[in-house]
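With my numbering as the guide, the letters of the sequence shown map in order to residues 20 to 671. Even for Gly, the Cβ is constructed at its ideal location relative to N, Cα and C.
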Amino acid sequence: MLSINNINLSFGERLLLKDVSFLIKSKDRIGLVGNNGAGKTTLLKIIIGLQLPDSGTIQKPSGITIAYLPQQMRHVDGKTLFGEVKTAFSQILELENRIYQLNREIEARTDYRSDEYLGLINKVSDMTAKIEILGAAKMNEQIEKTLFGLGFKLIDLPRQTREFSGGWRMRIELAKMLLQRPDLLLLDEPTNHLDIESIQWIEEFLSDYDGAVIIISHDRAFLNNVTNRTIEISLGRIYDYKVSYSKYVVLRKEHRQQQLAAYKNQQKFITDTQQFIERFRYKATKAVQVQSRIRQLEKIEHIEVDEEDASAIHIKFPPAPRSGDMVIDVSNLSKSYDKKTVLENINLFVRRGERIAFIGKNGEGKTTLSRILVSDLDFTGNLKIGHNVKIGYFAQNQDELLDEEMTVFDTIDRVAAGEIRTKIRSLLGAFLFGNDDIDKKVKVLSGGERSRLALIKLLLEPFNLLVLDEPTNHLDMRSKDILKHALLNFTGTMILVSHDREFLDGLINKVYEFKDHKITEYVGSIGDFLKKKKIDSLRQLEISQRQVRDNTGGQPVSSDKEYYLEKKEFYKILRKITNKITACESTIEGLESRLKELSKQLAAPDLYMDPGSQSVFIRYANQKKELDTKMQEWEKLHAELEEIKKNCMYTN
Numbered sequence: 020m021l022s023i024n025n026i027n028l029s030f031g032e033r034l035l036l037k038d039v040s041f042l043i044k045s046k047d048r049i050g051l052v053g054n055n056g057a058g059k060t061t062l063l064k065i066i067i068g069l070q071l072p073d074s075g076t077i078q079k080p081s082g083i084t085i086a087y088l089p090q091q092m093r094h095v096d097g098k099t100l101f102g103e104v105k106t107a108f109s110q111i112l113e114l115e116n117r118i119y120q121l122n123r124e125i126e127a128r129t130d131y132r133s134d135e136y137l138g139l140i141n142k143v144s145d146m147t148a149k150i151e152i153l154g155a156a157k158m159n160e161q162i163e164k165t166l167f168g169l170g171f172k173l174i175d176l177p178r179q180t181r182e183f184s185g186g187w188r189m190r191i192e193l194a195k196m197l198l199q200r201p202d203l204l205l206l207d208e209p210t211n212h213l214d215i216e217s218i219q220w221i222e223e224f225l226s227d228y229d230g231a232v233i234i235i236s237h238d239r240a241f242l243n244n245v246t247n248r249t250i251e252i253s254l255g256r257i258y259d260y261k262v263s264y265s266k267y268v269v270l271r272k273e274h275r276q277q278q279l280a281a282y283k284n285q286q287k288f289i290t291d292t293q294q295f296i297e298r299f300r301y302k303a304t305k306a307v308q309v310q311s312r313i314r315q316l317e318k319i320e321h322i323e324v325d326e327e328d329a330s331a332i333h334i335k336f337p338p339a340p341r342s343g344d345m346v347i348d349v350s351n352l353s354k355s356y357d358k359k360t361v362l363e364n365i366n367l368f369v370r371r372g373e374r375i376a377f378i379g380k381n382g383e384g385k386t387t388l389s390r391i392l393v394s395d396l397d398f399t400g401n402l403k404i405g406h407n408v409k410i411g412y413f414a415q416n417q418d419e420l421l422d423e424e425m426t427v428f429d430t431i432d433r434v435a436a437g438e439i440r441t442k443i444r445s446l447l448g449a450f451l452f453g454n455d456d457i458d459k460k461v462k463v464l465s466g467g468e469r470s471r472l473a474l475i476k477l478l479l480e481p482f483n484l485l486v487l488d489e490p491t492n493h494l495d496m497r498s499k500d501i502l503k504h505a506l507l508n509f510t511g512t513m514i515l516v517s518h519d520r521e522f523l524d525g526l527i528n529k530v531y532e533f534k535d536h537k538i539t540e541y542v543g544s545i546g547d548f549l550k551k552k553k554i555d556s557l558r559q560l561e562i563s564q565r566q567v568r569d570n571t572g573g574q575p576v577s578s579d580k581e582y583y584l585e586k587k588e589f590y591k592i593l594r595k596i597t598n599k600i601t602a603c604e605s606t607i608e609g610l611e612s613r614l615k616e617l618s619k620q621l622a623a624p625d626l627y628m629d630p631g632s633q634s635v636f637i638r639y640a641n642q643k644k645e646l647d648t649k650m651q652e653w654e655k656l657h658a659e660l661e662e663i664k665k666n667c668m669y670t671n
């Protein structure tokens, strides 16, 4: 399908990619792996055409479609969530707009038997058939299915895109890409801002996807569940394994052992040959053999070994001071932001030595409760911290507490003690701080670099309760391994907020799921939780044991069936209004575009000399009137939507 041929690229004196060649076939699920800075993102940019190589070619069939999801992107405002995602169907929308224009033209004509009139009718018929083939009838259904799979709710559909946070806007771009169904998807860290349920949905989507996919990800479980091929970039070269990620790890280890053996054999051969040359260089009887050996050394292709992978760093925590058996006791805790309830009547008891994961969709209150536990937010209810509990907290804004005038090395040197002091440089390197970085001052570091530095600092201080909020977001696989090994050997109590299943696997023994302002306890591993959740979802637990009030007398209704039917009817009404708003916005866009064209015609100096110019004025007046009517309709629909959302409990 697509061929990468002999790609070379250098930055300064560093050769980033060297003679990179491989073929991408349809249905390939490629995991692109390698150390940070190996050139993974750069290779994706070369494939999509955002980066030019020094030499080499990318051969693409004509008509191939490629979509690229970068880690950082620019967003355009001005549309609702539904309207923005609908732009993924640009071909259908363009045809619908063209059909609308042709129908208007047909309505204005009276030459019903002319060839031109019949030609317009045929064009509309052909275009209508084409949009049916393209799936216009199921367009709205596909949009909703994709958005709901990525964690959006029905009430989000009419919201403006500017109202969403960066992580959710990344999901909007991902939804557009998935709906376009290009021949090749290039995804750079797609799971960074997704919760576990959304990641699982994407895994299922990609399993049925017709095109090819190349994924850069530090989520091992995601790669293992999705990929059927792994390409590693190491020292500028690629190693292509026709297997999933977990099998690649085994094969890569075997390959590295073979590589090291070959390297040692080659070094021995070079040493022996050089000794032979030096020994017999000045003996005439050995001149032929000496020259032969010299030529052998000149022609030899040196085997390179990625030394970075050979080193191993293990962080040993300072001994955790012993706390009381009760570490945290929470009862009837609630938290609201303005009028929005986030947590309601939460009860939580944490015992010494427990390893807990906070799991749930984004926005369900995981970070909020974490901040409350470390006294970073006010709340209502009761919170008791146990005897001698010393809390270490890592959050995404933890980097703000670092001394900006200190260097990277000094920041860690100040807290390191014991044996680890002799390994500070290696430790910093393991967390992606190279030799050129350790003397930088904190104030010049990027957000991701500051977060990594704050995490290292936290790990070296004597705490007996760690509360870590998404600690792996800025780490590569090797850094995550080092962090996980450190946490496995941690003797204190731990609370982890994370969506990284592979990282949590074997690390925790209890899960609290956050949903609908409440938390539910699951004893066991993250694997046990996921198995349990699949069973629970079939039982439709979200509609059980709820009480709602009817619209007339306000009497409680406790029947699950009545609740379910009432909720279903509400969402039917909400969906109908949302679809009307989207259709209205689409019509308004078309009318504004046509008015703009008519305005240009009205501005032409020679228009008023044309006897037929009156028709332009009439069309302009009609279009303006229609636009005013549609704007009033749009305002009325939005007012109706806001009233429904305000008065109904299902929108929480």
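Within a 10 Å sphere around the beta-carbon of Pro338 sit fewer than 16 other beta-carbons, which makes this residue exposed. Take the alpha-carbon of Lys164 and the one of Asp227: they are about 15 Å apart. The Cβ atoms of Leu617 and Leu646 lie no closer than 7 Å to each other.
Pairing Ala240 with Leu203 gives a Cβ-Cβ distance that is not under 7 Å. In this structure, Val461 lies near Leu421, with their beta-carbon atoms less than 7 Å apart.
The alpha carbon of Ile49 has as its nearest neighbour, out of Ile233, Leu88 and Ser612, the alpha carbon of Ile233. Short of 7 Å from the beta carbon of Ser350, and not among the five residues preceding or following it, lie these beta carbons of its own chain, in chain order: Asn366, Gly400 and Asn401. In the three-state scheme derived from DSSP, where H, G and I count as helix and E and B as strand, Gln78 is classed as strand. With a contact defined as Cβ atoms closer than 8 Å, Phe428 and Ile457 qualify at about 4 Å. With fewer than 16 other CB atoms across the displayed protein chains lying within 10 angstroms of its CB, Ala127 is exposed. In this structure, the straight-line span from the alpha carbon of Asp130 to that of Ile637 is close to 20 Å. Residue state for Val346 is assigned as strand, using DSSP reduced to three classes. In this structure Ile347 does not touch Leu51 by the C-beta definition: roughly 42 Å separates them, more than the 8 Å allowed. The beta strand (DSSP E) runs of length 3 or more contained entirely in the stretch 374 to 456 are, from start to end of the chain, 374 to 379, 399 to 404 and 410 to 413. Note on geometry: alpha-carbon atoms of Val268 and Glu222 lie some 20 Å from one another. C-alpha of Val486 to C-alpha of Lys499: approximately 17 Å in a straight line. Residue burial annotation: Phe30 is exposed, with fewer than 16 other C-beta atoms found within 10 angstroms of its C-beta. Contact between Gly168 and Asn381 does not hold, since the beta-carbon distance rounds to 14 Å and is not under 8 Å. Straight across, the Cα-Cα distance linking Thr106 with Ile162 is about 10 Å.
Around the Cβ of Asp488, a 10 Å sphere holds 16 or more other Cβ atoms; the residue is buried.
Contact annotation: the stretch 292 to 300 touches the stretch 308 to 323, with at least three C-beta pairs closer than 8 Å. Contact check for Gly53 against Leu36 fails: the beta carbons are separated by 7 Å or more.
A buried status is given to Val245, since no fewer than 16 other beta-carbon atoms sit within 10 Å of its beta-carbon.
Residues of the same chain with a CB within less than 8 Å of the CB of Lys529, apart from the 5 flanking positions on each side, are Glu373, Arg374, Ile375, Ala376, Glu540, Tyr541, Val542 and Gly543 in chain order. DSSP, read as helix, strand or coil, puts Ile322 in coil. Contact check between the stretch 60 to 75 and the stretch 110 to 122: fewer than three CB pairs, one atom from each, fall below 8 Å, which does not count as touching. Where Val268 is concerned, the enclosing alpha helix (DSSP H) starts and stops at Tyr264 to Phe299.
Membership of Phe509 in any beta strand (DSSP E) is not indicated, and neither H nor E is assigned to it by DSSP. Taking C-beta atoms as the reference points, Gly255 and Ser342 fail to come closer than 7 Å. In the structure shown, the three-state DSSP call for Asn122 is helix. With respect to Leu206, Leu88 sits close: the two C-beta atoms are nearer than 7 Å.
Exposed is the label assigned to Ser133, since fewer than 16 other Cβ atoms lie within 10 Å of its Cβ.
According to the DSSP assignment, Ser217 belongs to the alpha helix (DSSP H) that extends over Ile215 to Ser226. CA-to-CA, the gap between Leu392 and Gln277 works out to about 51 Å. Around the Cβ of Ala86, a 10 Å sphere holds 16 or more other Cβ atoms; the residue is buried.
One Cα belongs to His536, the other to Lys599, and the distance between them is close to 31 Å.
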